[in-house]
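Residue numbers (the working numbering), protein chains in the order written: chain A, 820 to 964; chain B, 7 to 395. Some notes on the structure that comes next.
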């Protein structure tokens, strides 16, 4: 089915942050993707947690900047959006497995329905929000091998 | 004593309503009255209250089970709310049995009534949703199942006509179920399923459960006590297991797999049965594909073989493996703390299902699915094996 996708960039978004997520949001002000890393397990985790999901320890967590490049694990085209998104349908959500081994759910922009496929390579698209942070979205990474 | 030393001695339910015409407390009262009348148990003998936590109306009231005890005038030695989402109804059965076995109570009223259409206090704001899915417009469960379906399709392929077959089978059962929501008691075809409007592609309208209101309840006691009271149409739980946050300590979890693989094996082992021994299947159905995923997880077929298995199997009440013979939640309505399929299994094993009565009622497998977590499939899985006494 061929459907033109909307980009949802015009949706008004006000996001309440958890305090333990603040390093992530601070990073987005400079369009940096900061992801939690467990020093003991030597693995990343997303979404941010107050503890390592591998060891249960707060002290094992540090924040590392990553590229945000990854591969589409799955996607869905929304035809009936949440209240804030009504009128913007159809719009796409992707679940992307980042190269550092975590899944990240977000909108995708600059992408047609024909391009949108499981396995496609994507990179970040930073959408500015009113509070100076950016919302991490994805766009096709046409240079990726 | 063990799980199988306890009995469901009675069940009660209202017709499923698009929106309740009466307060949830009235529904709960109706259930208690019906359970007492059908068993001859006196109200003051009921000393346990176990409430399904999947309640939109009770959400936000941290004193919900105590409030119900107060409204009903019950003095109880065990007052419990079971909060594992759509696993709560099945979870109530084992917790009631455990409380009876531990001596905390002797007779337990399991209350599932809810009016989440009439009055919904559910609040998801203090979860990952506020930062990680709401800003992207991911529509809760349909969005999550849209992602799940595409991932399944990419891994194994999907013939949507076979998902439509499951939808039609359940709808046919709802038409035979006078308690099902009246709005849903109209025939559908596989083409109706395929042509129903997209919600979160590839999730269609006829994949989705519809929220409805309704009352339901069970009465449980030890089998010994049931014998003393001369109660004879008892249903015995012989195996139960649940699992919350499957592979919670890992990042990348295959969404075609779930905790049902683990708790299915555990519950069947406790029951002393193999999956091929199961005579009817009453899986939690929030989306059609969840039924097929559970068929794979429990081992009715191998992983990735759900579509061919559905193609070759008759799931009608008089078929190879009777499936959600009351219509399931998708065709009867998601009401009453998601107890619909549990109540239907109890009714079938008591041989009170009328024209849709299953022939072989030597056992039934009931399941639960609860909650949606981030970039996974679902948060809780449950399996409950029932037999008639």
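We treat Cβ as the ideally placed atom computed from N, Cα and C, and that holds for glycine. Because the structure is a prediction, the values reported are computed rather than measured.
Q) Does any residue of chain A bring its CB to less than 7 Å from the CB of residue 252 (chain B)? A) Counted from its first residue, the second chain places residue 252 (chain B) at position 246. Output row for residue 252 (chain B): interface = no.
Q: Inspect the beta-carbon positions of residue 349 (chain B) and residue 112 (chain B) and report whether they are closer than 7 Å.
A: Locating residue 349 (chain B) in the second chain gives position 343, where the first residue counts as 1. Locating residue 112 (chain B) in the second chain gives position 106, where the first residue counts as 1. Against a cut-off of 7 Å, the Cβ pair of residue 112 (chain B) and residue 349 (chain B) comes out as no contact.
Q: Answer yes or no: do residue 369 (chain B) and residue 393 (chain B) have a C-beta to C-beta separation smaller than 7 Å?
A: Here residue 369 (chain B) is taken as the residue at index 363 of the second chain, counted from 1. Here residue 393 (chain B) is taken as the residue at index 387 of the second chain, counted from 1. Against a cut-off of 7 Å, the Cβ pair of residue 393 (chain B) and residue 369 (chain B) comes out as a contact.
Q: Could you work out which residues of chain A lie near residue 138 (chain B), taking near to mean beta carbons separated by less than 7 Å?
A: Your numbering for residue 138 (chain B) matches position 132 in the second chain. Correct list: 866 and 924.
**Q.** Any beta strand (DSSP E) of 3 or more consecutive residues that is wholly inside the region 326-381 of chain B
**A.** 370-376
Q: Name the one or two DSSP bridge partners that residue 914 (chain A) has.
A: Reading the first chain from its first residue, position 95 is the one you call residue 914 (chain A). According to DSSP, which records beta bridges pairwise, residue 914 (chain A) is partnered with A:893 and A:924.
(Q) 7 Å is my cut-off, CB to CB: does residue 906 (chain A) come that close to chain B? (A) Here residue 906 (chain A) refers to the residue found at position 87 when the first chain is read from its first residue. Residue 906 (chain A) does not count as touching chain B.
Q) In three-state DSSP terms, what is residue 228 (chain B)? A) Stepping through the second chain from its first residue, residue 228 (chain B) is reached at position 222. It is a strand residue.
Q.
So for residue 257 (chain B), helix, strand or coil by DSSP?
A. As a position in the second chain, residue 257 (chain B) is number 251, starting the count at 1. Note: residue 257 (chain B) maps to coil in three-state DSSP.
Q: Could you tell me which chain A residues have their CB closer than 9 Å to the CB of residue 258 (chain B), listed as they occur along the chain?
A: Taking the first residue of the second chain as 1, we reach residue 258 (chain B) at position 252. Per Cβ cutoff of 9 Å: 892, 916, 920, 921 and 922.
Q. For residue 904 (chain A), does the three-state DSSP call read helix, strand or coil?
A. Within the first chain, the letter at position 85 stands for residue 904 (chain A). In the structure shown, residue 904 (chain A) sits in a helix (DSSP, three-state: H, G or I).
Q: Could you check how far apart the C-beta atoms of residue 246 (chain B) and residue 100 (chain B) are, in whole angstroms? I think they sit under 8 Å.
A: Indexing the second chain from 1 puts residue 246 (chain B) at position 240. Indexing the second chain from 1 puts residue 100 (chain B) at position 94. 4 Å between Cβ atoms; contact.
Q. When the Cα atoms are used, what is the spatial distance from residue 202 (chain B) to residue 195 (chain B)?
A. In the second chain, counting from the first residue as 1, residue 202 (chain B) sits at position 196. In the second chain, counting from the first residue as 1, residue 195 (chain B) sits at position 189. Using only the alpha carbons, I get a separation of about 11 Å.
Q) Can you name the residues of chain B whose CB is closer than 7 Å to the CB of residue 873 (chain A)? A) Residue numbering aside, residue 873 (chain A) sits at position 54 when the first chain is read from its first letter. What residue 873 (chain A) touches in chain B: 255.
**Q.** CB contact below 7 Å: residue 880 (chain A) versus chain B
**A.** As a position in the first chain, residue 880 (chain A) is number 61, starting the count at 1. Closer than 7 Å: no.
Q) Going along the chain, which residues of the region 832-847 of chain A sit with their C-beta nearer than 7 Å to a C-beta in chain B? A) 832, 834, 835, 836, 837 and 840
(Q) On the criterion of 16 or more Cβ atoms from any shown chain inside 10 Å, does residue 372 (chain B) qualify as buried, or is it exposed? (A) Taking the second chain and counting its residues from 1, the one referred to as residue 372 (chain B) is at position 366. By the neighbour-count rule (16 or more Cβ atoms within 10 Å), residue 372 (chain B) is buried.
Q: At 3 residues or longer, and completely inside the region 61-94 of chain B: list those beta strand (DSSP E) runs for me, N to C.
A: Qualifying beta strand (DSSP E) stretches, in chain order: 84-88.
**Q.** residue 344 (chain B) versus residue 845 (chain A) - alpha carbon distance
**A.** Mapped onto the second chain, residue 344 (chain B) falls at position 338. Mapped onto the first chain, residue 845 (chain A) falls at position 26. In a straight line, the C-alpha of residue 344 (chain B) is about 41 Å away from that of residue 845 (chain A).
Q: Answer yes or no: does any C-beta atom of chain A fall closer than 7 Å to that of residue 294 (chain B)?
A: Locating residue 294 (chain B) in the second chain gives position 288, where the first residue counts as 1. No, residue 294 (chain B) does not count as interfacial toward chain A.
Q: Determine the burial state of residue 50 (chain B): buried for a count of at least 16 other Cβ atoms within 10 Å of its Cβ, exposed for fewer.
A: Position 44 of the second chain, counting from 1, holds the residue named residue 50 (chain B). Label assigned to residue 50 (chain B): exposed.
(Q) Considering only the alpha carbon of each residue, which of B:176, B:47 and B:68 lies closest to residue 334 (chain B)? (A) The residue labelled residue 334 (chain B) in the question sits at position 328 within the second chain. Residue 334 (chain B) has its Cα closest to that of B:176, out of B:176, B:47 and B:68.
**Q.** Chain-ordered chain A contacts of residue 281 (chain B) [CB-CB under 9 Å]
**A.** Position 275 of the second chain, counted from the start, is the residue given in the question as residue 281 (chain B). Those within 9 Å of residue 281 (chain B) in chain A number zero; the least Cβ separation is about 28 Å.
Q. Within the 7 Å Cβ cut-off, does residue 876 (chain A) reach chain B?
A. The count along the first chain starts at 1 and reaches residue 876 (chain A) at position 57. It does not: the Cβ of residue 876 (chain A) has no partner Cβ on chain B nearer than 7 Å.
Q) Among the residues of its own chain, which have a CB less than 6 Å from the CB of residue 150 (chain B), if the five just before and after it don't count? A) Position 144 of the second chain, counting from 1, holds the residue named residue 150 (chain B). Same-chain partners within the cutoff: 378.
Q.
List, from N- to C-terminal side, the beta strand (DSSP E) runs of 3 residues or more that fit wholly inside the region 860-894 of chain A.
A. 862-864 and 880-885
Q. Between residue 899 (chain A) and chain B, is there a C-beta pair that is closer than 7 Å?
A. For this step, residue 899 (chain A) is matched to residue 80 along the first chain. Yes, its Cβ sits closer than 7 Å to a Cβ of chain B.
Q. If you draw a straight line from the C-alpha of residue 873 (chain A) to the C-alpha of residue 860 (chain A), how long is it?
A. If you number the first chain from 1, residue 873 (chain A) lands on position 54. If you number the first chain from 1, residue 860 (chain A) lands on position 41. If you take the alpha carbons of residue 873 (chain A) and residue 860 (chain A), they lie about 6 Å apart.
Q: Taking 8 Å as the threshold, find out whether the region 928-935 of chain A comes into contact with the region 156-176 of chain B through three or more Cβ pairs.
A: no
Q: Report the residue from A:892, A:839 and A:833 whose alpha carbon sits nearest the alpha carbon of residue 156 (chain B).
A: Position 150 of the second chain, counted from the start, is the residue given in the question as residue 156 (chain B). It is A:892 whose Cα lies nearest to the Cα of residue 156 (chain B).
Q.
So with CB distances below 7 Å, who are the chain A contacts of residue 166 (chain B)?
A. Position 160 of the second chain, counted from the start, is the residue given in the question as residue 166 (chain B). None at all; the shortest Cβ gap to chain A is about 12 Å.
**Q.** Nearest to residue 93 (chain B) (by Cα), restricted to the options B:391, B:386 and B:132
**A.** Within the second chain, residue 93 (chain B) is the residue found at index 87, counting from 1. Of the residues B:391, B:386 and B:132, the one whose Cα lies closest to the Cα of residue 93 (chain B) is B:386.
Q: Sort B:298, B:217 and B:346 by Cα distance to residue 223 (chain B) and report the nearest one.
A: In the second chain, counting from the first residue as 1, residue 223 (chain B) sits at position 217. Selected option, being the one with the closest Cα: B:346.
Q | Among B:103, B:71 and B:60, nearest to residue 129 (chain B) - alpha-carbon criterion | A | If you number the second chain from 1, residue 129 (chain B) lands on position 123. Taking only the C-alpha atoms, the option nearest residue 129 (chain B) is B:60.
Q. Where does the unbroken beta strand (DSSP E) through residue 176 (chain B) begin, and where does it stop?
A. Here residue 176 (chain B) is taken as the residue at index 170 of the second chain, counted from 1. Not the beta strand (DSSP E): residue 176 (chain B) falls in the alpha helix (DSSP H), residues 166-181.
Q.
Along the chain, where does the alpha helix (DSSP H) containing residue 845 (chain A) start, and where does it finish?
A. Start at 1 with the first residue of the first chain, and residue 845 (chain A) comes out as number 26. From DSSP, the alpha helix (DSSP H) with residue 845 (chain A) extends over 841-848.
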